[in-house]
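Undergrad: Numbering (our numbering), first residue to last: 84 to 439.
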Ligand SMILES: Nc1ncnc2c1ncn2[C@@H]1O[C@H](COP(=O)(O)OP(=O)(O)O)[C@@H](O)[C@H]1O
Ligand SMILES: [Mg+2]
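(1) Are there any heavy atoms of ligand 1 lying less than 7 angstroms away from the beta-carbon of residue 391, as far as the coordinates show?
(2) Between which two residues does the beta strand (DSSP E) carrying residue 405 extend?
(3) Counting along the chain, where does the beta strand (DSSP E) carrying residue 256 start and finish?
(4) Do residue 38 and ligand 2 come close, with the Cβ less than 7 angstroms from some heavy atom?
(5) Runs of 3 residues minimum, wholly inside the segment 334-421: which ones carry the beta strand (DSSP E) assignment?
(6) Please name the residue in 182, 181, 153 and 314 whose C-alpha comes closest to that of residue 422.
(7) If you measure between the beta carbons of residue 297 and residue 327, is that distance less than 8 angstroms?
(8) Tell me the residue span of the alpha helix (DSSP H) that contains residue 329.
(9) Does residue 433 pass the burial test, meaning 16 or more other C-beta atoms within 10 Å, or should it be called exposed?
(10) Using the rule of at least 16 other Cβ atoms within 10 Å of the residue's Cβ for burial, across every protein chain shown, is residue 428 buried or exposed?
(11) Do residue 209 and residue 186 have their C-beta atoms closer together than 8 angstroms?
(12) Going straight from the alpha carbon of residue 222 to that of residue 114, what length do you get?
(13) Out of 341, 128, 233 and 382, which one is the CA nearest neighbour of residue 363?
(14) Compute the Euclidean distance between the alpha carbons of residue 131 and residue 140, then round it to the nearest angstrom.
(15) DSSP state of residue 277, grouped into three classes?
(16) What are the start and end residues of the beta strand (DSSP E) that includes residue 85?
(17) Given a cut-off of 8 angstroms on the beta-carbon distance, is the pair residue 303 and residue 350 in contact?
(18) Is there contact here, the segment 157-169 with the segment 92-101, by at least three beta-carbon pairs under 8 angstroms?
(19) In this structure, what does DSSP give as the bridge partners for residue 200?
(20) Buried or exposed: residue 246, going by 16 or more other Cβ atoms within 10 Å of its Cβ?
(21) Taking the alpha helix (DSSP H) that residue 232 belongs to, which residues open and close that run?
(22) What are the partner residues of residue 264, as DSSP defines its beta bridges?
(23) On the three-state DSSP scale, how would you describe residue 308?
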């Protein structure tokens, strides 16, 4: 197939996305596809040959992509590379996407995982991997996602939504420590743990620098897990145990800073319950294809709490979903092929051939 892997873009998770994109690009090439890797925002400034012929050109599209740094990228620096830009997709991005059989979305966070690219592609008749625009948008907002969980009876930590400049009272159901998080963040950017009122005020100040509405959640003390769901089936659960602190940006992307165990060592009944909640969370959010659901297991009550649904889960070398697939016997490149097939099936189901 002719495939464009779309990565980068303008999001705090830009570097993570480029790293996912690089892995997917190499895997799809290994699988025999004609693949182009593009940065959604930077696109392809100079083109010296017909666009169509680029799918067959001998170019290493991933050559300039390095790993994920310890800190999230400075987006102003990236924006400065396209002075005066008007549209988010960079030069030739939409043209190349229009020429391929399917776009493999390696985007994460804002402007990629939030449904807008999906909606644009739907209107343009461009096929893409992963779930559609509505579920992407719903899951981008943790406050809305949690309401969907509650509607389905899936436990999620008690929380309150706080608006910038508005006073609030911290309910007893939350207490300290608590977690402060932006509604539409990702990769733990804008997520803080507060031990007391002083820490809470500091965390709120930092979170409000990103967004005007912020969630304060009860901090669930206990083990952390994540479960990918593909076409309604839960993959083996992965346990995430950072050596220090919680699963923040650094612990997510610096190899060796978190111990990940898959399949997680859990009693059968608890594992089955978490997997059931993961499947239901995806159903509640209307996920098509695949997604990954994050959980905390309360060490006192033994109850599992769903935190969020990731509609374009990370595919970097240290990411969770590839490890879950490996526990099922799928290599990284087999997982990419699986995602591709699942996504193509989605279009067959919807349209029996036609796109719009
Ligand atoms: N309510 C909570 N209790 C304990 N830890 C939490 C809670 N919410 C988030 N965390 C920690 O913060 C991390 C990031 O939070 P999450 O809601 O998954 O947002 P993100 O989209 O940034 O991954 C989690 O992986 C977990 O380590
Ligand atoms: Mg998460």
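Glycine included, C-beta positions come from ideal geometry on N, C-alpha and C.
TA: Per the coordinate set shown:
(1) Working through the chain shown from its first residue, we reach residue 391 at position 308. Yes.
(2) Here residue 405 is taken as the residue at index 322 of the chain shown, counted from 1. From DSSP, residue 405 is part of no beta strand (DSSP E) but of the alpha helix (DSSP H) over 403-410.
(3) In the chain shown, counting from the first residue as 1, residue 256 sits at position 173. From DSSP, residue 256 is part of no beta strand (DSSP E); its letter is neither H nor E.
(4) Outside the shown range of the chain (84 to 439) lies residue 38, about which nothing can therefore be said.
(5) 341-344, 373-381 and 387-393
(6) Taking the first residue of the chain shown as 1, we reach residue 422 at position 339. Ranking 182, 181, 153 and 314 by Cα distance to residue 422 puts 314 first.
(7) Here residue 297 corresponds to residue number 214 of the chain shown, with the count starting at 1. Here residue 327 corresponds to residue number 244 of the chain shown, with the count starting at 1. Contact: no.
(8) Taking the first residue of the chain shown as position 1, residue 329 is located at position 246. It is not in any alpha helix (DSSP H) - residue 329 carries neither H nor E in the DSSP assignment.
(9) Residue numbering aside, residue 433 sits at position 350 when the chain shown is read from its first letter. With fewer than 16 Cβ atoms within 10 Å of its Cβ, residue 433 is classed as exposed.
(10) The sequence position of residue 428 within the chain shown is 345, counting from 1. Residue 428 comes out exposed.
(11) For the purposes of this step, residue 209 is identified with residue 126 of the chain shown, where counting begins at 1. For the purposes of this step, residue 186 is identified with residue 103 of the chain shown, where counting begins at 1. Contact flag set, yes.
(12) In the chain shown, counting from the first residue as 1, residue 222 sits at position 139. In the chain shown, counting from the first residue as 1, residue 114 sits at position 31. So the alpha carbons of these two residues sit roughly 31 angstroms apart.
(13) Residue numbering aside, residue 363 sits at position 280 when the chain shown is read from its first letter. Nearest C-alpha to residue 363: 233.
(14) Counting from one through the chain shown, the residue named residue 131 turns up at place 48. Counting from one through the chain shown, the residue named residue 140 turns up at place 57. Taking the straight line joining both Cα atoms gives about 11 angstroms.
(15) Here residue 277 corresponds to residue number 194 of the chain shown, with the count starting at 1. Strand.
(16) On the chain shown, residue 85 is found 2 positions in, with the first residue counted as 1. Segment 85-90, the beta strand (DSSP E) holding residue 85.
(17) As a first step, residue 303 is located in the chain shown; it is residue number 220 there, counting from the start. As a first step, residue 350 is located in the chain shown; it is residue number 267 there, counting from the start. No, they are not a contact pair.
(18) yes
(19) Residue mapping note: residue 200 aligns to position 117 of the chain shown, counting from 1. According to DSSP, residue 200 bridges with nothing at all.
(20) Counted from its first residue, the chain shown places residue 246 at position 163. It counts as exposed.
(21) For this step, residue 232 is matched to residue 149 along the chain shown. Taken as a continuous stretch (DSSP letters only), the alpha helix (DSSP H) holding residue 232 covers 225-234.
(22) As a first step, residue 264 is located in the chain shown; it is residue number 181 there, counting from the start. Per DSSP, 274 and 298.
(23) Your numbering for residue 308 matches position 225 in the chain shown. If DSSP states are grouped into helix, strand and coil, residue 308 belongs with the strands.
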